[in-house]
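Quick note: the sequence shown uses our numbering, first residue 1, plus one each step.
Each residue gets a CB set at the ideal place from its N, CA and C atoms; glycine is no exception.
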Amino acid sequence: MEERTRKIISFLQEIEKCKLVERKVYCSDLKRRESDAEHSWHLAMFLVLFEKNLPKELDLLKMLKMALVHDLAEIYAGDIFAFDTEGRKGKKEREERSAEKLFSGLPEDLKEELWQLFGEFEEAKTSEAKVVQSFDKLQPILQNLCSNGLSWKENSISVEDVNAYKKVFMEHDPFILDLYRRLLSTANEKKLMADKPAQSKI
Numbered sequence: 001m002e003e004r005t006r007k008i009i010s011f012l013q014e015i016e017k018c019k020l021v022e023r024k025v026y027c028s029d030l031k032r033r034e035s036d037a038e039h040s041w042h043l044a045m046f047l048v049l050f051e052k053n054l055p056k057e058l059d060l061l062k063m064l065k066m067a068l069v070h071d072l073a074e075i076y077a078g079d080i081f082a083f084d085t086e087g088r089k090g091k092k093e094r095e096e097r098s099a100e101k102l103f104s105g106l107p108e109d110l111k112e113e114l115w116q117l118f119g120e121f122e123e124a125k126t127s128e129a130k131v132v133q134s135f136d137k138l139q140p141i142l143q144n145l146c147s148n149g150l151s152w153k154e155n156s157i158s159v160e161d162v163n164a165y166k167k168v169f170m171e172h173d174p175f176i177l178d179l180y181r182r183l184l185s186t187a188n189e190k191k192l193m194a195d196k197p198a199q200s201k202i
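Encoded structure:
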C-alpha cells in the first residue's frame, strides 16, 4: 500500500474514536448522550441547510471541513461541558496538544490543512470560523429541544446561563442572532430550563 494511503487509512481508523466521545446533551430517545461525531455531523447540516441565509462570499467547503475537524482533538482531550467553568480551565492547551498528536501521522499537506482549520476555528477571526462557532453553540440548544432539555435540567441551566455563555457568539450576524433568539424562546416557552442561573457553573 502506498505510504500516503496507509497514513490516511490509519488516521481514519483513529478518528473513528470520535464516535465514542460522549457529550452532556442527550439524544431524542433520552436513552443515551450524543457523541462528538453526531454533533459534528449535525453542525455540518446546519451549514448546508442555512447556506442561503448566510453571506454569499463565505466558503461553504471550508466551513464544512472546519465543522468536521473542530472537535477531533477531543478524542484524546475529552469533551468538557460548556457550563463547567472549572473543567474548562486549560482546555485550549489540552486540545492543542491533542490535535498535534492526532494530526502528526498524516501526510504533510493534510496535517498542515487540518491544523490550519483547527486553529482558524479556535481563533474565530475569519468570517467562516465565526459562523461555524455560532452554529457549534446553536446545535446543543436544538439538541436540548429534541431531548426535552434533559441535560439543562440535570445541571440546573437557566436561560440566563445560556445567554451569558452563548449570546456573544451570535452577535456578528443578524440572521444567526435571530435564529438563536427563536430557539431560546422556544426552549423557554416549553420550560426546558431551570428558573434561575446555576451560580456554580458560570
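Nearest neighbour of residue i, chosen from the options [CA to CA]
i	options	result
F81	E122, E34, G119, S127	E34
S127	D173, L145, R181, K167	D173
L68	E2, L184, P140, C18	C18
E93	L106, A77, L102, S40	A77
S10	Q139, E120, G105, K125	G105
A44	K101, L12, K56, K137	K137
A129	L142, Q13, F169	F169
K62	I75, E74, V48	V48
S156	I141, F175, D195, R182	D195
H227	W152, R97, I141	Limits of the chain in this structure are 1 at one end and 202 at the other, which puts residue 227 out of reach.
Same chain, Cβ closer than 7 Å to residue i, five either side skipped, listed in chain order
i	result
I202	In this prediction, I202 has a pLDDT of 37, which is less than 50 and means its spatial position is unreliable; what the coordinates show is noted afterwards. Excluding positions up to five away in sequence, the list reads F83, T85, D161, A164, Y165.
S147	V25, Y26, C27, S28, L30
G149	A187, L192, M193
Length of the line joining the Cα atoms of residue i and residue j
i	j	result
M193	S134	20 Å
E171	R4	42 Å
D109	L145	40 Å
S200	R23	Note that S200 scores 45 on pLDDT, short of 50, meaning its location in the model is unreliable; the coordinates nonetheless yield the value given after this. If I take the Cα positions, the gap works out to 20 Å.
L177	E51	15 Å
G90	E57	34 Å
A124	E2	36 Å
L183	R32	23 Å
L64	E100	21 Å
R97	D79	14 Å
L12	E95	19 Å
E16	F175	34 Å
R6	W152	43 Å
Sub-9 Å separation of residue i and residue j beta-carbons
i	j	result
F118	L72	yes
Y180	K190	no
F121	H70	yes
E14	I75	yes
Contact belief for residue i with residue j at Cβ below 8 Å, rounded distance in angstroms
i	j	result
L54	V131	6 Å
F46	Q139	6 Å
Contacts around residue i, its chain only, beta-carbon distance under 8 Å, and the 5 residues preceding and following it disregarded
i	result
F8	Per the sequence presented here, residue 8 reads as Ile, with Phe not at that position. Here the set comprises L106, P107, L110.
A37	C18, K19, V21
Close-in-space but distant-in-sequence residues of the same chain around residue i (CB under 6 Å, 5 per side omitted)
i	result
F103	K111, L114, W115
S185	none
M66	L117, F121, V132
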